[in-house]
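Chemist: Every letter in the sequence shown is one number past the one before it in our numbering, and letter 38, counting from 1, is 38. Encoded as structure tokens, here's the structure I'll be asking about.
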Amino acid sequence: MNGTPNSEGGFNYYYKGDGTEKIPEIILNKISIYPNCTTTSINITKDANNDLQGNLYFFTNDDFEKVKNFYKSKTIEIIYESNSNLRFKINNEEITITSENIYDGDPIQNQNKFKIYFS
Numbered sequence: 001m002n003g004t005p006n007s008e009g010g011f012n013y014y015y016k017g018d019g020t021e022k023i024p025e026i027i028l029n030k031i032s033i034y035p036n037c038t039t040t041s042i043n044i045t046k047d048a049n050n051d052l053q054g055n056l057y058f059f060t061n062d063d064f065e066k067v068k069n070f071y072k073s074k075t076i077e078i079i080y081e082s083n084s085n086l087r088f089k090i091n092n093e094e095i096t097i098t099s100e101n102i103y104d105g106d107p108i109q110n111q112n113k114f115k116i117y118f119s
């Protein structure tokens, strides 16, 4: 996926679809994407310093506890954790992962939905 140049000297990455689009390398350099998931929405802005803001949504058959444990197994600094939220720092990025509700318009209905938010 190629980004489009933005006014901050970086790029915007936007995708909404069935999960067939490849995740931008700039995201993969900051965080591992949960295995066995389908990413259906990407809305990320990268500035000139390679700092990211925005979010992506993914679906998996796994529950949030398993998703949290995957990220907790990485070298992270946990900032906050609850039953539906994990906020941490990794590679100088503050990231929040949340369990999300599924809506009628979502492309996948029979799996669990999660959001990764770069702040």
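The beta-carbon is built from N, C-alpha and C at its ideal position, and this holds for glycine as well.
1) Return yes when the Cβ of K30 is within less than 7 Å of the Cβ of E93, no when it is not.
2) Below 8 Å on the Cβ atoms is my contact criterion, and I expect N55 with F114 to pass it. Report the Cβ-Cβ distance as a whole number of Å.
3) Does DSSP put Y103 in a helix, a strand or coil?
4) If the criterion is Cβ atoms closer than 7 Å, does the pair Y197 and E21 meet it?
5) Run through DSSP, which three-state label would K66 get?
6) With which residues is K115 paired in a DSSP beta bridge?
7) Who pairs with I78 in a beta bridge, going by DSSP?
8) Go ahead and label I102 buried or exposed: buried means 16 or more other beta carbons lie within 10 angstroms of its beta carbon, across all protein chains shown.
9) Would you mind stating whether G10 and D63 have Cβ atoms separated by less than 7 Å?
10) If you draw a straight line from the C-alpha of D106 to the C-alpha of E100, how long is it?
Modeler: Considering the structure as presented:
1) Contact: yes.
2) In this structure, N55 and F114 do not form a Cβ contact; the two beta carbons are roughly 10 Å apart against a cut-off of 8 Å.
3) Looking at Y103 - three-state DSSP - the assignment turns out to be coil, as it is neither helix nor strand.
4) Because residue 197 is not part of the residues shown, which for the chain are 1 to 119, the question remains open.
5) Looking at K66 - three-state DSSP - the assignment turns out to be helix.
6) Its beta-bridge partners are Y57 and T98.
7) Answer by DSSP bridge pairing, in chain order: F88.
8) The Cβ neighbour count for I102, taken over all protein chains shown within 10 Å, is under 16; the residue is labelled exposed.
9) Taking 7 Å as the Cβ cut-off, G10 and D63 do not qualify as a contacting pair.
10) A straight-line Cα-Cα distance of about 11 Å links D106 and E100.
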